[in-house]
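A.B. asks:
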Amino acid sequence: MTRLALLALACLVSAPALADSLKIGLASDPDSLDPVLSRSFVGRTVMAAFCDKLFDISPSLEIVPQLATAWSWSQDGKQLTINLRSGVVFQDGEPFDAAAVKFNIERDVNFPGSNRRSELPPIESVDAVDPLTVRITLKAPFAPLVGVLTDRAGMMLSPKAASAPGADMANHPICAGPFKLIERVPQDRIVVERFDRYWNKDHIKLDRITYLPLPDATVRLANLKSGDLDLIENVLPTDLPEIQANPKLGTARVALLGYEGIAINLANGPQAKTPFGSDARVRHAFELSLDRDAINEVVYAGQAIVDDQFVSPDSPFHDEKLKPPARDIAKAKALLQAAGAPNPAVTILIGTSPEQQQLAQMVQAMAQEAGFEIKLQAIEFASGLAADQRGDFQATLAGGAWSGRIDPDGNTYSFLHSGGALNDSHYANAEIDKLLDEARAAASPAERKILYNRVQELEAQDLPIIYLTHRSWSWGFTKSLHGFTPVPDGLIRVVDLGKS
Amino acid sequence: MRRYILHRLALLVPTLVLVSMLVFGLQQLLPGDPALALAGEQRDPQVIEFIRHRYHLDQPLPVQYLLWICSVLQGDLGESIRIQRPVLDLVAEKLPVTIELTLFAMVIALGIGIPAGVLAAVKRGTGWDILANAVALWGLSTPNFWLGILLILLFSVELGWLPASGFVSPAESLGRNLATLIMPAFVLGNAIAAVVMRHTRSSMLQALRSDYVRTARAKGLSELRVILRHALPNALQPVITLGALEFGGLLSGAVLTEQVFTIPGFGKLIVDAVFNRDYAVVQGVVLVTATFYTLLNLAADVLYAVVNPRLRS
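Protein sequences, first through last, are from chains B and Y. Our numbering puts the first residue of the first sequence at 1, with every later residue one more than the last. Our numbering puts the first residue of the second sequence at 1001, with every later residue one more than the last.
#1: Quick check: the Cα distance between G147/B and D407/B, rounded to an integer number of angstroms?
#2: Taking 8 Å as the CB-CB cut-off, is K331/B touching chain Y?
#3: Is the separation between the beta-carbon of G1265/Y and that of V1097/Y shorter than 8 Å?
#4: Rounded to whole angstroms, what's the CA-CA distance from R508/B to N200/B? Just pull it up for me.
#5: Less than 8 Å between C-beta atoms, sequence neighbours within five positions excluded: which residues of the same chain meet that for L1009/Y?
#6: Quick one: grab the DSSP three-state call for T469/B.
#7: Which chain B residues sit within Cβ distance under 7 Å of Q1046/Y?
#8: Going by C-alpha distance, which of L1150/Y, P1045/Y and H1007/Y is nearest E119/B?
#9: So, for P144/B: in the same chain, excluding its five sequence neighbours on each side, which residues have a beta-carbon less than 6 Å away from its beta-carbon?
#10: Kindly confirm or deny that the region 188-199 of chain B and the region 163-172 of chain B touch, where touching means at least three C-beta pairs closer than 8 Å.
#11: What residues are listed by DSSP as bridge partners for L26/B?
#12: Are A370/B and T352/B touching if we call contact CB-CB under 8 Å?
#13: Would you please state the rounded distance, in angstroms, between the beta carbons of V1239/Y and V1196/Y? I believe it to be under 8 Å.
#14: Strictly under 8 Å for the Cβ-Cβ distance: is F393/B near chain Y by that measure?
#15: For the alpha helix (DSSP H) containing D1089/Y, list its first residue and its last residue.
#16: Assuming I174/B and L149/B make a contact with CB atoms under 8 Å, what is their CB distance in whole Å?
#17: Rounded to whole angstroms, what's the CA-CA distance from E1093/Y to P186/B? Just pull it up for me.
#18: Shorter than 8 Å from the beta carbon of P247/B to some beta carbon of chain Y?
#19: Does any residue of chain Y have a CB that is nearer than 8 Å to the CB of G113/B?
#20: At 7 Å on the CB atoms, spell out the chain B contacts of E1093/Y, in chain order.
#21: What are the residues in the region 1021-1043 of chain Y lying within 8 Å of chain B by C-beta distance?
#22: Run down chain B in chain order and give the residues with a C-beta less than 8 Å from the C-beta of L1090/Y.
#23: Between L1151/Y and the rest of its own chain, which residues show a CB-CB distance below 6 Å, the 5 nearest in sequence each way excluded?
#24: Would the beta-carbon of N223/B fall within 8 Å of that of G87/B?
#25: Counting only runs that start and end within the region 318-375 of chain B, where is the beta strand (DSSP E) found for 3 or more residues in a row?
#26: Run through the region 65-104 of chain B for me and flag every whole beta strand (DSSP E) of 3 or more residues, listed as ranges in chain order.
#27: Tell me D56/B's beta-bridge partners as DSSP assigns them.
#28: Buried or exposed: which applies to D207/B, given that a residue is buried once 16 or more other Cβ atoms fall within 10 Å of its Cβ?
#29: So the beta strand (DSSP E) D130/B belongs to, where does it begin and stop?
#30: I1048/Y: buried (16+ other C-beta within 10 angstroms of its C-beta) or exposed?
#31: What span of residues does the alpha helix (DSSP H) with F1145/Y cover, start to end?
#32: Go through the region 400-448 of chain B residue by residue and report every complete run of the alpha helix (DSSP H) that reaches 4 residues or more, in order.
#33: Looking only at C-alpha atoms, which of L138/B, P122/B and N83/B sits nearest to P131/B?
Pasting the structure below:
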């Protein structure tokens, strides 16, 4: 009788099995799916399935062509010529060509409310030289441009679909990616289906992918273990051993392009007027009180990358000579004495995630040993943003984290350049401003590396941001998954991804 | 009776106007700038300005309120800034999910709570009473979040009988729809069943001590008839009130349970909207929920009259 009941239950609940379909658990629900309006990291993950870009990032952090085939800069660094792939069509059957690239770059700049405008430099013109060659002419040299085009600014929408009256690219984007968007139910699922006319269709191994937003990490993991999901992102470091011990499951991990740090208010309103904000020696003492390795072990189960730079050690722009200072309480106390502030008080804004609270408590306990009086103030996301911007903070962990970009310009200019849009510390150093401007104009990566390394040196003297770690990003998956390639931008590449 | 219902329906209008003002006003007390929160990590000043202008955030508050109310009266609840979709579409998409989950949970709650309460009252002081009270205590003191995870681990991970989370619409597959809803509905129903049981028990005890029950017994009616026909209808009145309140509460979104089982209902919608300062969504959902809540209270009052003939006059 029980067996019969179980059989009936199994018949009732069993889903139709699709051998070539995949279910992916996301850490949150994406926002707008229009590349021009998209704001969220998770949105980029989903868009990677249906929107190809001019360029992409390789696992070793090199820029590789995607819808482009090659690129070259003019001598003066103001003209970028991009050769395009032939035979590419959008999901509405329209051809992809230089005119489409021109349309999309101009849309990035001109679309009302575009989030891409601030990522792109001032553009003089975009010209279709021939159907497969496009030239972008800039008002001033801007070396990070190709890096910017590896992200949403480089995603190509069908001009016909995007310019049609009543076009709704936020919910029904038409791109030239390997899959096409079939359905989106906010907070429930996003379904994409194989695009048969994709330019690289031989490398598409799946018929359908369903993305399911499951914000709770425990729930994501339970779904993976029960077989309801094939792949989950953002596995908690503490859950990794459990997955690794499961013979049916596997994991992958990368160090992300961004950083975790503590940003300090140096000149943004009255809250900056503390020993912490006004004396670099106090900030150095604070840094010396911290044990980054212990933080990594306790908060990130040893999975983060301990570092004190704005780019991760995987980046070619990382300065190998610079090492994070080891914990030295005696030296920290001596510095505080020299600064005339043996017990400086500081309030740190922290986010509401358990991880962030744990990190904050460790920082608090460590710094107290050197004489700091640390108060922690938890603040949720939107309030934290507003507090950071209006200078209502002394130091912030919540606002000290950055998702990261492949080009170091994306991790520095807005934060360290005086007047930068994200420079909530109101840090100003004329030499750093000059170096960052030069790094934008310099053509050769070698030359740019020297400039960024110098910025890092100067930044380490002033410490407007104390970098702690580069977070790792982990995925868990069933062993039947194959072709999964972890890339340090944390996005899921669907080309060659399959299931046996 | 008809006049009473019409009178109550007329009261709906000022209630909703008040609710709309309250939700609009309270939202303004939330710290943080919606335009800033929705401008993305680049925080482009032009984008912030654009959002402010497009969604009338640059207008004085009374103007913002009037603009919103005017569109609501025309059937337009506004647009979600976060995902650029009409709020009405979102409500229409989530409401059936929430209603189904709520009904399912209430069936479980009343199906367990009322019989358990009657049993506990009739068998007062016996092992049945202790058992029912113990179960009620368990239901009241079990956090939904914890119970949800526990059920997933047992029925999905260990036994593999039920899907761990997600939602399938009944139109797609009724079997899978029930399979996805049974665990969240049980988690919600379990907690409410406990409260229903306690209320049913205490009002049944009162009813069983009343004169009309003694009279019914004296007439020689069977004990079952005395309990079901005479005591229970009277004892149900407070349970109806409670049921309507709990029903309304569930309709406004079972946040934690929806989060654990990834049920795309009102709870998830409103929490995401509050965190993202997606004002139009918060306002729209609260308004719809308040309408339901008021209608449910009205339904409860009508039901009183159904179970208690004295109120019909």
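The C-beta atom is built at its ideal place from N, Cα and C for all residues, glycine as well. Since the model is a prediction, treat every value here as computed from it, not as a measurement.
C.D. replies: Taking the coordinates as given:
#1: 6 Å
#2: no
#3: yes
#4: The structure shown does not extend to residue 508/B, since chain B is modelled only from 1 to 500, so the question has no answer here.
#5: L1298
#6: strand
#7: R117
#8: P1045/Y
#9: D407 and D409
#10: no
#11: P213/B
#12: no
#13: 6 Å
#14: no
#15: V1087 to V1122
#16: About 19 Å; that fails the 8 Å criterion.
#17: 9 Å
#18: no
#19: yes
#20: V185
#21: L1030, P1031, G1032, D1033, P1034, L1036, A1037, L1038, A1039, G1040, E1041, Q1042 and R1043
#22: P186
#23: M1183
#24: no
#25: 345-350
#26: 68-73 and 79-84
#27: V64/B
#28: exposed
#29: I123 to D130
#30: buried
#31: N1144 to L1151
#32: 408-416 and 430-441
#33: N83/B
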